[in-house]
Amino acid sequence: SSRHDLDEVRVLVTAGGTREPIDPVRFIGNRSSGKQGVALAAAAADRGAKVVLLAANVEAAVLADVSERDDVRVVPVGTAAELEAAAQGAAPGADAVIMAAAVADYRVAEVSDSKLRKEDSDAPPVLELVENPDILVGLVRARHDGQVIVGFAAETAEDADELLERGRRKLARKGVDLLAVNAVGWVQGFESAENAVQVLDADGRMVREIGGSKREVAEAILDTVVDELAAARRE
Ligand code: PMT
């Protein structure tokens, strides 16, 4: 990109999917590859930003796009708790925060120190889950003046109206400045090279609609971040 509209802007991006351990060898996870978050980090750096990328279980091949750059600091994390600690540590130093990571809403209540063995039980085990903190809501509560916080909403929906409706409800719950709503499904959103998002502002107005490569989606989201940063500076 030839644009330099993020020069000196400090951007915190989260990518990938958290893994919540069951025992030393098993976890509850999700299909996020980290591609969308890495595309955001690379695009922001190309536009001049200093980027911190919190990468939850992102494969080296996906991270390769940013791992050699000195304008992107990659911090690997595993669980939602680790991601939360890293995000709380990095957010105060960020002008913009983009939460593209897929965070587990629940973790296993009691993680076993030894491998759960089939021969030790006569019935299928029942895992008790407890709620994880909502990292994004925590960051919004701690937001400093002028900081722009972008959330994602990954929704399965029957049609475009239901998608937007779910997005708007999530917007209200999270209190973010911008929400990138993407439809997800068995073949859509997670893992694929392409994505389609509608970006809502804090009032629920759709300010961008874009489908294309995850890089193109990243550029469009960053356009809205640039606009928000400019608006915040005027206030
Ligand atoms: O990684 P890829 O394979 O490229 O796929 C990209 C993606 C589909 C994962 C990405 O575009 C995306 O939608 N990321 C958000 C996935 C998600 O967890 O969405 P959600 O609707 O469950 O959560 C809403 C927002 O709250 C997200 O910004 C999420 O990071 C945040 N959250 C959710 C739960 C939680 N406990 N803490 C959070 O901060």
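Counting from 222, one number per residue, gives the positions in the sequence shown under the UniProt record's numbering.
We put the CB at the ideal spot given by N, CA and C, even for glycine.
- Assignment of arginine 454 by DSSP, reduced to helix, strand and coil, places it in the helix class.
- Relative to ligand 1, the beta carbon of asparagine 416 is positioned inside 7 Å of a heavy atom.
- According to the DSSP assignment, aspartate 422 belongs to the beta strand (DSSP E) that extends over 415-422.
- Just measuring C-alpha positions, the residue of Leu261, Arg387 and Ala325 sitting nearest threonine 377 is Arg387.
- Residue pairing of isoleucine 370 in beta bridges, as defined by DSSP: Val318.
- For aspartate 326, the shortest separation between its Cβ and any heavy atom of ligand 1 lies below 7 Å.
- Ranking Phe411, Asn416, Arg362 and Val447 by CA distance to the CA of arginine 436 puts Asn416 first.
- When the beta-carbon positions are compared, leucine 233 and alanine 311 come within less than 8 Å of each other.
- Looking at the DSSP output, glycine 237 bridges to Ala277.
- According to DSSP, residue pairing for glutamate 352 in a beta bridge involves Tyr327.
- In the DSSP assignment, the residues bridged to serine 434 are Glu415.
- For aspartate 444, the secondary structure class from DSSP, reduced to helix, strand or coil, is helix.
- In the structure shown, the three-state DSSP call for proline 313 is helix.
- Taking each of Arg247, Glu229, Phe248 and Lys256 in turn and checking the Cα distance to glutamate 412, the smallest one comes out for Lys256.
- Counting other Cβ atoms within 10 Å of its Cβ, serine 253 reaches 16 or more and is therefore classed as buried.
- Rounded to whole angstroms, phenylalanine 248 and leucine 348 show a C-alpha spacing of 11 Å.
- For asparagine 403, the shortest C-beta to heavy atom distance toward ligand 1 is below 7 Å.
- Leucine 360 sits in a helix when the DSSP states are folded into three classes.
- Remark: C-beta atoms of valine 369 and leucine 450 approach each other more closely than 8 Å.
- Taking each of Ala270, Ala307 and Leu304 in turn and checking the Cα distance to aspartate 291, the smallest one comes out for Ala270.
- According to the DSSP assignment, alanine 404 belongs to the beta strand (DSSP E) that extends over 399-404.
- The beta-bridge partner set that DSSP reports for aspartate 244 consists of Arg247.
- Under DSSP, valine 293 takes part in a beta bridge, and its partners are Val272.
- Scanning Val287, Glu352 and Val324 for the CA closest to the CA of glutamate 331 turns up Glu352.
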